[in-house]
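S.K.: In the numbering used here, the protein residues as written are 238 to 493. The beta carbon of each residue, even a glycine, is placed where N, CA and C say it ideally should be. Okay, here's the structure, questions in a sec.
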Amino acid sequence: MWLLSTDRAELHFFPSPQDVEGGYAILSHVWDKNEQTYQDLKALQRRCARTGKNPRELACKKLRRSCEIAQRHGYHWVWIDTCCIDKTSSAELSEAINSMFRYYSLAKVCYAYLKDVPTPYAFRSRMAQPSPFESSICHTRGWTLQELIAPRFVVFLSMTWEPLGSKSDLAGNVEKATGIPASLLRLERSLTDYSIAQRMSWAADRQTTRLKDEAYSLLGIFDLHIPTLYGEGRNAFQRLQEEILRRNQDTTLFAW
């Protein structure tokens, strides 16, 4: 896996998460347009090697702030999906998709950046309307489901990168927004305590940019590994269902 050094935002390779001395932080977020990629960071790294500048100072704000916060909390490494996967390599991309849940579960801390939640009024609601925290787009995206469930420790950050609370502290708010039981978020119960249908229900109203990601984003939720196929679209979800049936006797899947 590739990780960013928090002091310089330089990419370094590690054979596995367990090989990262001191552990690593990880970012959960909703992608924006024109995110910096692996290739962008490599090019920036080469350019700064010639000029002597620190690449972190020239990285985009999201990468820079992620590195700064992780470093402030004592972490030397951070994983961010936009730039820590070489997406030009189909083999590396497939491995990363199938390992994503593991990457998040083994992180020391996950920072969940909520770009649409202001700090002062994060939990204020009016006339029975959801609070900004509860109505965040983060709770509606496909990939952020496993990014919420997999890590043991999640810290939510506001649009100005200020801490709002942990997933344990805010379990009730998250359950209200997503339907994910607070007992799971507080680590009082394990993922396998919930039926296939229950787990599927958490993803029912979530959206992904690409149809195939509806399935790929759920692999870790069901502890599955399947090959990723170029251009398969919604057929990926059928393959996911078939693999779940092959591995489980839980017939609640037929509800989906």
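#1: Name the two residues that bound the continuous alpha helix (DSSP H) containing Gly-409.
#2: Nearest-angstrom Cα distance between Pro-369 and Phe-360?
#3: Using a Cβ-Cβ cut-off of 7 Å (strictly less than) and excluding sequence neighbours within five positions of Trp-439, which residues of its own chain qualify?
#4: With DSSP as the reference, please indicate the residues paired to Val-346 in a beta bridge.
#5: Buried or exposed, going by whether 16 or more other CB atoms sit within 10 Å of the CB of Phe-250?
#6: According to DSSP, is Gly-457 helix, strand or coil?
#7: Sort Glu-371, Asn-271, Ala-387, Thr-243 by Cα distance to Ser-265 and report the nearest one.
#8: Helix, strand or coil: which one does DSSP assign to Phe-250?
#9: Quick one: grab the DSSP three-state call for His-314.
#10: Residues in its own chain within less than 6 Å of His-376 by CB, not counting five upstream and five downstream?
#11: In or out: Asn-410 buried (at least 16 other Cβ within 10 Å) or exposed?
#12: Going by DSSP, which residues form a beta bridge with Gly-402?
#13: Ordered along the chain, which non-local residues of its own chain (more than five positions away) have a Cβ less than 8 Å from that of Arg-378?
#14: Excluding the 5 residues flanking Ser-342 on each side, which residues of the same chain have their C-beta closer than 7 Å to its C-beta?
#15: Following the continuous beta strand (DSSP E) through Leu-241, name the residue where it begins and the one where it ends.
#16: Once the 5 residues before and after Trp-239 are set aside, which same chain residues still bring their CB inside 6 Å of it?
#17: Looking at the structure shown, is Arg-283 part of a helix, part of a strand, or coil, going by DSSP?
#18: Excluding the five sequence neighbours on either side, which residues of its own chain have a C-beta within less than 6 Å of the C-beta of Asp-353, listed in chain order?
#19: Across the region 249-263 and the region 278-289, are there enough close Cβ pairs to call them in contact, namely three or more that are closer than 8 Å?
#20: Which partner residues does Gln-444 have in the DSSP bridge list?
#21: With distances taken Cα to Cα, identify the nearest neighbour of Leu-330 among Thr-465, Asp-277, Asn-472.
#22: Using the C-alpha atoms, what's the distance from Met-437 back to Gln-478?
#23: Please check the pair Leu-448 and Arg-426, which I expect to be a contact at CB under 8 Å, by giving their CB distance rounded to whole angstroms.
#24: Excluding the 5 residues preceding and the 5 following Ser-420 in the sequence, name in chain order all residues of the same chain whose CB lies nearer than 6 Å to its CB.
#25: Taking all protein chains shown into account, do 16 or more other C-beta atoms lie within 10 angstroms of the C-beta of Pro-292, making it buried, or fewer, making it exposed?
M.R.: According to the data block:
#1: That run of the alpha helix (DSSP H) goes 408-415.
#2: If you take the alpha carbons of Pro-369 and Phe-360, they lie about 6 Å apart.
#3: So the qualifying residues of the chain are Leu-382, Thr-415, Gly-416, Ile-417.
#4: Paired residues: Ala-262.
#5: Looking at its Cβ environment, which holds fewer than 16 other Cβ atoms inside 10 Å, Phe-250 is exposed.
#6: Note: Gly-457 maps to helix in three-state DSSP.
#7: Taking only the C-alpha atoms, the option nearest Ser-265 is Ala-387.
#8: DSSP, read as helix, strand or coil, puts Phe-250 in strand.
#9: Note on identity: in this sequence residue 314 is Trp, with His being the wrong assignment. It is a strand residue.
#10: These residues qualify, in order along the chain: Ala-414, Thr-415.
#11: It is buried - the Cβ of Asn-410 has at least 16 other Cβ atoms within 10 Å.
#12: According to DSSP, Gly-402 bridges with Phe-393.
#13: Closer than 8 Å at the Cβ level, and outside the excluded window around Arg-378, lie Val-267, Arg-443, Gln-444, Thr-445.
#14: Ala-387, Pro-388, listed in sequence order.
#15: Its beta strand (DSSP E) spans residues 239-242.
#16: Cβ neighbours of Trp-239 beyond the five flanking positions: Leu-248, Phe-250, Cys-321.
#17: Residue state, collapsed to three classes: helix.
#18: Same-chain partners within the cutoff: Ser-373, Ile-374.
#19: By the criterion of at least three beta-carbon pairs nearer than 8 Å, the region 249-263 is not in contact with the region 278-289.
#20: DSSP lists Arg-378 as partners of Gln-444.
#21: Of the listed residues, the one whose Cα sits closest to Leu-330 is Thr-465.
#22: Taking the straight line joining both Cα atoms gives about 10 Å.
#23: In this structure, Leu-448 and Arg-426 do not form a Cβ contact; the two beta carbons are roughly 31 Å apart against a cut-off of 8 Å.
#24: Within the same chain, Ser-420 has close Cβ partners Arg-426.
#25: By the Cβ neighbour-count rule, Pro-292 is buried, with 16 or more other Cβ atoms within 10 Å of its own.
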